[in-house]
Amino acid sequence: MKQTLNGLPLALQFFSQIPIRASLPMTKQSVTAMFLFFPLIGLIEGALLYGISTIVPATFHVILVATLLLLVRMAFTGGLHLDGLADTADAYFSYGDIARRQEILKDPRIGAFGAMAIGMALLLRVAIYVQVTTAEVSLLYFLMVPVLVRSGMTLYLISTTPAKASGMAHFFREKFHYGVLTAGHFAWLLAVVLVVPKMLFVAAALLVFLWLFKWWTRKHFGGSSGDMCGAFVEGGELLLWLVLLMFM
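For reference, each letter of the sequence shown is one residue, going 28 to 275 in my numbering.
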């Protein structure tokens, strides 16, 4: 039980900038619990962004509000997922073979394509925040989109063989209880749809994106990696917001 309860502080330590100073063991049980709690990080993020959007002065222009939301999100996540997006873009647009792309993923420097990917992702996110702020989108949507994409990322990590026998993806997969995580994250998806039925279309889009992303990373990178997971969260969340805005 204690190892399971360690999952939440581990998730906060690894996936957010919330200061958790405890030194916690990375056992099979605690790592499985960490990924079961991963959608809660999205729940906290969504609540934080919604709260900020409701307390800013009415005199603030909508673009300023959207930019503040972007900065708060980046501060909360520490840019963890954006880093993965940038590395993935640099590697993919090298047009090298899988081995060459794996080398680029290990390079800590950012290239031109990585910088462009970050810039485009941030611009699109600001545009989405302008839209949802102007439309006064419900708190539930702010909560559910980050939850869904984090469940999707975990399902991607569970179901996709790592590109190499080292790195973050390989490390975590060695410590998973696969049945528990698979059942747990499909339960998260079902819970989201039951709470907000309109999210059915968004959940369906997530599953399509998951399948396509699995195929794409296997073909061009040889499998999953920590960077791929970051790219999944960034790209997937933008996609889910766009799908949601289409059906609102």
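Cβ coordinates follow ideal geometry from the N, Cα and C atoms, glycine included. Note that the structure is predicted; figures quoted are calculated from it, not measured.
Pair within 7 Å by beta-carbon distance, residue i and residue j
i	j	result
I137	S121	no
G69	P224	no
L96	L76	yes
G179	L227	no
H204	T181	no
V157	V89	yes
L265	L151	yes
F103	S43	yes
Anticipated Cβ contact below 8 Å, residue i with residue j, distance rounded
i	j	result
P66	W215	5 Å
L208	F41	That belief does not hold up - the Cβ atoms of L208 and F41 are roughly 15 Å apart, past 8 Å.
V260	R177	7 Å
I79	L109	Between L109 and I79 the Cβ distance is about 19 Å, and since that is not below 8 Å, they are no contact.
A190	F240	That belief does not hold up - the Cβ atoms of A190 and F240 are roughly 14 Å apart, past 8 Å.
T187	T244	7 Å
G263	M195	Incorrect: roughly 18 Å between the Cβ atoms, too far for contact.
L107	G257	6 Å
L269	Y168	About 13 Å separates the two Cβ atoms, so there is no contact after all.
Per DSSP, cross-strand counterpart(s) of residue i
i	result
P52	P52 pairs with nothing; no bridge assigned.
P189	S251
Where the alpha helix (DSSP H) containing residue i begins and where it ends
i	result
Y205	205-222
G34	34-42
K133	125-133
F65	65-82
M275	Element bounds for M275: n/a, residue is neither H nor E.
V92	89-104
G141	139-161
F199	194-200
T86	Careful: T86 lies outside any alpha helix (DSSP H) and carries neither H nor E.
Residues of its chain near residue i, where Cβ-Cβ distance is below 8 Å and the 5 sequence neighbours each way are ignored
i	result
M171	G73, V219, V222, V223, M226, V229
L51	N33, P36, L37, Q40, S57
Cβ-based neighbour list, residue i, same chain, cut-off 7 Å, excluding 5 preceding and 5 following
i	result
V92	S80, V83, T160
F64	G34, L35, A38
L237	G179, L182, Y183
T94	V153
A199	It is worth fixing the name first, because residue 199 is Phe in this sequence and not Ala. Excluding residues within five positions, the ones whose Cβ falls inside 7 Å are V58, L184.
Sequence-distant residues of the same chain with beta carbon closer than 6 Å to residue i, five excluded per side
i	result
H197	P189
K202	K55, V58
V99	I79
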